[in-house]
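Asks: Supplied in C-alpha cells, the structure appears directly below.
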Amino acid sequence: MKRKLFLIMLVVFLAVLSACGNSAIQSTSKKEEGGSKSGGTIKIGVLLPDSGVYASLGKHLHKGMELYFDSIDWKIGSKKIEIIKEDSEADPQVALRKARKLIDQDKVDILTGTVSTAVAYAIRDEVDKKKIPFLVSHAGGNDLTRSKRSDYIWRSSFSSWQIGNSLGEWAFHNVGKTMYIAAADYAFGREVSEAFKEAYTAAGGKIVGEVYPPLGNNDYSSYLTTIKNAKAEAVYAFFAGSDAVRFVQQYDQFGLKEDKKLIGSGWLVSEDVRKSQGNAGVGTISSIFWDYSIKTEENRQFKEAFEKKYNERPTIEALEGYDAAKIIAEALTTLDGDASDPDKVVEAISNVEFISPRGPIKFDKETHHVIQNMYIIETKLVNGQTENEVIEIIEEVRDPGK
Amino acid sequence: MNKKGFALIAAVMLLIFSPFIFSLFYLNLVTEILILAIFALSLNILVGYTGLVSLGHAAFFGVGAYMSAILAREISPNFFLTLFASLAAAIIASAIIGIFCVKVSGFYFLMLTLAFSQMIYSFVHQSTTITGGSNGLSGIPSPLIGSLDFSNPVYFYYLILLLFILIYGGLSLIVHSPFGQVLIGIRENETRLKSMGYHTTLYKLAAFVIAGGLGGVAGSLYTSFNSFISPSDVYWTMSGSVLIMVLIGGSGTMIGPVLGAAFIVILETIVSSYTTMWMMIIGIIFILFVVFFPKGIVGLGKLLLQSFSKSNKLSAISGKKSNALYNNDVKN
Amino acid sequence: MDIIGAQLVNSISYGLLLFVITCGLSLVFGILGVLNLAHGSLYMIGAYVSYSITVHSGQNFWLALIIAPLAVAVCSLIIEMILLRPTYQLGHLSQVLLTFGLAYVIHDMTAAIWGSDVLSIPLPQSLSGTVTLFNQAFPVYRLAVIAIGLILAGLLWFIQEKTRWGAIIRAGLSDKEMICALGVNIQLVFTVVFFIGGYLAGFGGVIAAPILGLYPSMEFQTLILALVVLVIGGLGSIAGTFVASLTIGIVETFCRFLVPELSLFVVFGLMAVVLIVKPNGLLGRQVVKH
Amino acid sequence: MENHVILKIDRVGMHFGGLEILKDVSLEVKKGERIGIIGPNGAGKTTFFNILTGDLKPSSGSIYYKGENITNVANFKRTNAGIVRTFQRNNLLNELTVLDNLLLVLQRKHHLQNVWFKKRNEKKYPKLFEEANQLIKTWGLEKRANEIVKKLSYGEQRQIEILLGIAINPQVLLLDEPTAGMSQAETDYIVDLLHNLPKDLTVLIIEHDLEVVFGLADRMVVLYDGGILIDGDPNEVRNDRRVNEIYIGKEEAAAHA
C-alpha cells in the first residue's frame, strides 16, 4: 500500500513540477522568447579548449579577450559584460553539448570561440537554428564561410584559403619555380596546401611532389629523406603546434635547409613555437595575418598592454581573442548594448570596421568573412634569438567564398 | 508488486515526465545519456557478461554513426532507414572483425580489438571524400518518420526513450535467457563450457556481433541527435571512456552501464565548467572504484542498501553480502 | 640506392628510439605481469623533469640524463608502494585499470605544473652536429640514439641472462612460488623491478625529448605505440621488444617512404596480423595450456 | 551389442617439443566396460584423456568413436556425441550457484541453449528445473543448490565436478581422479554413486586410490613411460610383479614416507 501511495504522490509531484518552471516542453513549443534573455548584462558565451591538445591556444584566446574587455571596463553603455566560459576540449560532441548549455541554459546573447574547425562545424546547425550570433575567433575551415555559411556566423580570424593563397604568387617570384609540399594530414592542412598549390601553379610554378604526414606525427626522418631526394627548389609546409616544432627542427637537423628553402604558413614559426625550435627556424619564409613584428602604432599599444598585464609576449591567438572582443563590443555599442535581437546584432557586426593591431579589418557582407592584410614574414636571428620580420604586405585579402 | 518492479515503474515514470520537469539543456543531456547508455549496455554484453574486455568498441559506434550520416545526407533521413542500415553495417563489421578477435582472449583480445578499431579510425580519418576527414560530417538532416520531423528535442527524446526501453528490455531478456547464461558461463570458465558441449567460439562471436550491432545503433542515434559526427568518436579514447562507463557503473549488471554513462556524462559536463582538471577527477574516482568498489556503482549501492536496511539480521548480511556482490544479476 | 640506405638508417634510429621508450614497460610486464598503463605518463614525467633541469642548469643535458630518470624511478617507487602494493590481491585486471586511472591523474598534474604549451629540449652541444651517410646528412644525436639503444639492449640481456638477479627474474617469470621457496623476498623483487621500470621510462623520456618534444597528451600517444611494440614483440620478452621495435621502425619508415597514405594504418595492421597469425608475438614464449 | 567396440585408440603418440609423452598407445574399449587407468605420475594419463576429449591434438595416430575417425573433431562436438570428461582439478563455474552450473549442462542436453528471449526460470522451464532438482536431490546437495560453488567444501565441489559430467547422459565417461583429495567418507559416497551408474555406460577412470579403482574397474590398463605396460584383468594386474615394482611399490613407499 505504501508503495502505491508513493507512486500516486510521485505522479502528483511531477504534474505540479511540470506546471511551473521553464521545462523543455514549454521552451520548444514557444516560438520566440523576446526580452526574457538578459537584463542589465550582456552574456557572451566563450567556447574554447581549456584541456587537451589545443589547451594553450584556448588559453591565449581567453587572455586576449580579457585584455580588451579590461580596457573598456567590462561595460558597454550601461550594460555589464559577462563572459561564460565552457571547455570545448578537443572533442566536437562534448563541445556541442557545451554549446547547448551556453545557449539553452545560460541564455547567452552572443557566442564566440572554437579553435578546432570540426567543433565549429559541429555547432553550426545549432547556432543557425537558434539564431545565436556566433563570432568565430579562430577555426579556419573554408566551408564555414562558404557552403556552411549561416546568417548568424561571422569570422574574424582567417580562412585556410587566405593562409595558403597569400604565399603562392610571391613564392613563385621570390623563392623558386619548383616546390615540394608537406602538410599535416587533416582537413585544415589539406585546405591550406590546396590553396597554396592553386595560387602557385596559377603563377607558373610547378609542384614536384606532395606528402601528408599524419597529424601528431613524431618522426619526420623518412619524409625528409624523400623530400631531400626530390628535385624541388623549396618546400612549402603546413604544420602547427608540436608538429611545427618537430618538423622545423628535424628539417634543420637533417640538413635540408642548406639546399631547399623552407616556406609555409605562419604557424610554422609562430610566437609560441619559435622558442622551442632553437635556431632551426632561421631563414623560413611564411605568410600570416598578424605577427609580433608588425610596426604600427596599434600593434605597439596592443603588445605593451598585453605584456604589462600578463608578463609575456602575445601570440597570434591572443590577438584573435582581442579582436573578437573588440568586434563584439563595437557592434553592441552601436546598438546601445541591446543584444536581444540577433538579427540586429549580426547586422551591427557586419558594419564593424577598425584598425586592428593586424591592420585594417572589415567584414565581407557576402561571405561573412574578415577582409584583412596578409603579411609575408621572414625568420631571422636577432641577438641570439629568432625574431620574425615583415618583408611584404598583401593588402585587403578577401576570401572568394566559393 | 515487488521492490524491483516498483523501482522500475518509478524510474520509467520519471523518464516519461522528464520533458515536463527539465529545461531544454537538461533534457538534451538526458537524451545524450540514454544514447551513451545504449552504447555502454552493448559493450557490457561483451565485457560484463562474456568476460571479453574490448578496447575497440568505438569502431562499431563509428560504423553506425557514419552509415547513418552518409545515408541521411545522400539518400534520405528516414529514421528507420538510417537505423537499420547502421545496424546492418555494424553487424557486418563486427562479424568480420569478431571472427579474428574471438580466437584470442584476455590481453590479446584487448589489443586486437584496439588494432582493428584504430584501423577503422585511420580509414575514417583518411577518406576525406566519404567521411569528411578530420572535420567530420555536419549538417546531417534530422530524422524523419513518415512526415514527422524529429528535430524537436522533445519528440526526439521520446523516440530515444522508447528505443532505450526496448533495448534495455530486450537485453535483460537475453542475459537471463539460456543463451545469456551460456555467455556468463564462458565468462566464468570457458574450458568447462567446452567440455559441456558448447561451441564457445560461436557464442563469443554472437556476443561480439550483438555488442557491435547495438554499438552501431547507438552511433546512429548519436548522429541523429547531434546532426554531426567526427573521427574523434571513433578514436580509441572513445572506446576507453565507454569502458570506464561500464566499469564504474558495474559490469555484468543491467543497470550498471546506464548509471555509469549518466555518471560520466554529468561529471564531465558539470565539473569541466568549473575546472580544467576534470580528467584528474575522473581518474581519482575511477581508482577509488577499482580499489574499493570493484563492482561499480551497483555494488556500492547494494552495500549501502544492506547497511541501511535494519530488518536484515546480521548473519543474513554477512552471508548474503558477498553473494550479492559477486553474483549481481546472475541469479535473478 | 642511397635513398634506400638512408631510409634504413632512419628505420634503425627510429626503431631503437622505440626500444628505449618501450623496454621499461616490457620489463615490468614480463616479470610482474602488471600491464602498466601509466608507463606513458612516467615517460612524460621524465621528459618534463629533464626540461626543467635543462632550463635551470644552462642547458645541461647530461645533468638531466642523470637526475630525471632517478626522479621518475622514485615516482614509480611511490606508486608501487602506495597504490599497487596494497592491491596485489585484486588481480591483474584491476591493476591495469588502476594504472589507467593513474594516467588520467598524472595527465592533469603535469598540465598544472608545466602548462600546456609546446616545449622542447635542445640537443646536447656535443651531439648536435651531423654526419654524412649515403649522401645524406644525419644528426649525430640520431646515431647516438642507435648506440644507446644497442647498449641498453645488451645491458638488459646481460642482466637477465648472466646475473643472479636475472636468474631470480627468470624464475619469477615461470613460477612465483618457487622463488619464494628459494628464500627470495618477492615483495622486494616487485619493488625493485618497478623501480627499474620507472627508471627506464624516465630514461626514455629524456632521450626522446630532443626528438619528439613535449606537448599535452604526449603520454597517450607514447603509450599506444609502446603497447603495439609490446604485443608485436611478445609479452615481456626483452629480445622480442628489441626485434619488434626494429620491425616497426623499418615497416613504418618504409611505408612513409613508399605509401605515405597508409602510414597510420600500417602499424595497427601489423599488430593485428601478428596477433592473428602468431598471438604470442614474434619472440613470445610459447604458453602451453594445462 | 555387448562386445561392440565403442572407442578405438590406434597408435596414438604425443610429444611437446622434444619431450615424448605418449608412444604409440593403442586401446580398444568395448561398450559398457569399466576401465581403470593407473600409472605413476608423468606416465601420460591426463594427456591421454586430453587427447580422447579433443582438448589436445595427438602428434600421430587416430581415434575412432563408434567406427568414425574423430581425431580432428573439436572437443565440444565429442561431448555432444557422448564422450564426456571430468577434470583432475576442480574446473567449475566458481561464481555461479550449484543449480546454475547444473542448468547449463541440462539446457545443452535439451537443446535449449539458443533460446534468446525467454528468461530461464522455474515457471518457463519447469521440466529443466525439475530434472536439475531431481539430480541435486539424488546427490544429496539440496541444501547447497543455491550456494555459490566456490563457497562449497572441496569434497562437495568434487562431487559437482562428477555430477556435471554424468548429467549430460554420456555414453563414454572419462573420470580423472574422481576421489582425489577427498576424505574416506566422501570417497565411499562417490564410489557408491559410481557403482550405481547405468550398466551400459562406458567408463574410463584414472585413479590413484587403488582400492577405489580395483573396486570399480573390470579391466585395468597400466601406463608407464608413455606406453601401455599391461592391459588386463584387475586381479592379474594386482598381482603383477612389474606393476608392484614400478607403480604400487613406489606409491606405497611414498604414502608411508
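Line order of the protein sequences matches chains A, B, C and D.
Start counting the first sequence at 18; every next residue gets the next number (my numbering).
Start counting the second sequence at 651; every next residue gets the next number (my numbering).
Start counting the third sequence at 905; every next residue gets the next number (my numbering).
Start counting the fourth sequence at 405; every next residue gets the next number (my numbering).
No residue lacks a Cβ here, since even glycine has one placed at the ideal position from N, Cα and C.
#1: Near residue 794 of chain B, which residues of its chain fall below 8 angstroms by C-beta distance, leaving aside the five closest residues on each side in sequence?
#2: At a cut of 8 angstroms, does the stretch 354 to 361 of chain A reach the stretch 263 to 271 of chain A through at least three beta carbon pairs?
#3: Quick check: what's the CA-CA separation for residue 646 of chain D versus residue 616 of chain D?
#4: Determine whether the Cβ of residue 1121 of chain C lies closer than 8 angstroms to any Cβ atom of chain A.
#5: Return the residue from the list A:277, A:167 and A:168 that minimises the CA-CA distance to residue 192 of chain A.
#6: Below 8 angstroms, can you find three or more Cβ-Cβ pairs linking the stretch 938 to 956 of chain B to the stretch 710 to 717 of chain B?
#7: Would you call the stretch 701 to 708 of chain B in contact with the stretch 123 to 141 of chain A, where contact means no fewer than 3 C-beta pairs closer than 8 angstroms?
#8: For residue 824 of chain B, I'd like the list of residues in its chain whose CB is within less than 7 angstroms of its CB, leaving aside the five on either flank, ordered along the chain.
#9: Confirm, please, whether the CB-CB distance from residue 1014 of chain C to residue 908 of chain C is below 8 angstroms.
#10: Assuming residue 924 of chain C contacts residue 1049 of chain C under a Cβ cut-off of 8 angstroms, what Cβ separation, rounded to an integer in Å, is found between them?
#11: Give the interface partners of residue 109 of chain A over in chain B, defined as CB-CB distance under 7 angstroms, in chain order.
#12: Just checking: is the beta-carbon of residue 249 of chain A within a distance shorter than 8 angstroms of some beta-carbon in chain C?
#13: Give the list of continuous alpha helix (DSSP H) stretches no shorter than 4 residues that lie fully inside the stretch 179 to 259 of chain A.
#14: With distance defined between alpha-carbon atoms, name the residue in B:694, B:656, B:764 and B:815 nearest to residue 1174 of chain C.
#15: Could you tell me which chain B residues have their CB closer than 8 angstroms to the CB of residue 103 of chain A, listed as they occur along the chain?
#16: Find out if the Cβ-Cβ distance for the pair residue 509 of chain D, residue 549 of chain D is shorter than 8 angstroms.
#17: At what residue ranges does the stretch 337 to 377 of chain A contain a whole run of the beta strand (DSSP E), taking only runs of 3 or more?
#18: Quick one: complete beta strand (DSSP E) runs, 3+ long, within the stretch 485 to 553 of chain D?
#19: Do residue 185 of chain A and residue 213 of chain A have their C-beta atoms within less than 8 angstroms of each other?
#20: With a threshold of 8 angstroms between beta carbons, is residue 1016 of chain C in contact with chain B?
#21: Closer than 6 angstroms by C-beta to residue 468 of chain D: which residues in its own chain qualify, once you throw out the five before and the five after it? Chain order, please.
#22: Pair every Cβ in the stretch 564 to 576 of chain D with every Cβ in the stretch 515 to 522 of chain D, then say whether three or more of these pairs are closer than 8 angstroms.
#23: Would you report the Cα separation of residue 88 of chain A and residue 290 of chain A, rounded to the nearest angstrom?
#24: Given that residue 838 of chain B touches chain D, what residues does it touch there, using C-beta distances under 7 angstroms?
#25: Measuring straight from C-alpha to C-alpha, what distance separates residue 423 of chain D and residue 457 of chain D?
#26: Closer than 8 angstroms is the cut-off here; do at least three beta carbon pairs connect the stretch 103 to 119 of chain A with the stretch 357 to 375 of chain A?
#27: Assess contact between the stretch 333 to 340 of chain A and the stretch 304 to 324 of chain A, defined as three or more Cβ pairs (one per stretch) separated by less than 8 angstroms. Is contact present?
#28: Here's a check: name, in chain order, each residue in its chain whose Cβ is nearer than 8 angstroms to the Cβ of residue 961 of chain B, leaving out the five neighbours to either side.
#29: Taking residue 308 of chain A as the reference, give the member of A:273, A:42 and A:404 with the closest Cα.
#30: Check residue 581 of chain D in the structure and name its three-state DSSP category.
#31: Using 10 angstroms around the beta-carbon of residue 345 of chain A, count the other beta-carbons present and answer buried if the total reaches 16, otherwise exposed.
#32: Taking CB distances under 8 angstroms as the criterion, tell me whether residue 758 of chain B reaches chain C.
#33: For residue 475 of chain D versus residue 462 of chain D, is the C-beta distance shorter than 8 angstroms?
#34: Whole alpha helix (DSSP H) runs in the stretch 431 to 489 of chain D with 4 or more residues, listed along the chain?
#35: Kindly indicate which three-state DSSP category residue 1002 of chain C falls into: helix, strand or coil?
#36: Given a threshold of 16 other Cβ atoms within 10 Å of its Cβ, counted over all protein chains shown, does residue 217 of chain A qualify as buried or as exposed?
Replies: From the atom records:
#1: 726, 727, 728, 729 and 800
#2: no
#3: 21 angstroms
#4: yes
#5: A:277
#6: no
#7: no
#8: Closer than 7 angstroms at Cβ, skipping near neighbours: 830.
#9: The answer is no: Cβ separation not under 8 angstroms.
#10: 7 angstroms
#11: 786, 878, 880 and 882
#12: no
#13: The stretch 179 to 259 of chain A contains these whole alpha helix (DSSP H) runs: 204 to 220 and 238 to 245.
#14: B:764
#15: 922 and 923
#16: no
#17: Whole beta strand (DSSP E) segments, 3+ residues: 370 to 373.
#18: 487 to 489
#19: yes
#20: yes
#21: Excluding sequence neighbours, residue 468 of chain D sits near 412.
#22: No, the stretch 564 to 576 of chain D does not touch the stretch 515 to 522 of chain D.
#23: 28 angstroms
#24: 497, 498, 499 and 500
#25: 21 angstroms
#26: no
#27: yes
#28: Unreliable placement is indicated for residue 961 of chain B, whose pLDDT of 48 sits below 50; the coordinate value is still reported in the next sentence. Nothing listed; no residue qualifies.
#29: It is A:404 whose Cα lies nearest to the Cα of residue 308 of chain A.
#30: Coil, per DSSP.
#31: buried
#32: yes
#33: yes
#34: The stretch 431 to 489 of chain D contains these whole alpha helix (DSSP H) runs: 449 to 457 and 479 to 485.
#35: helix
#36: buried
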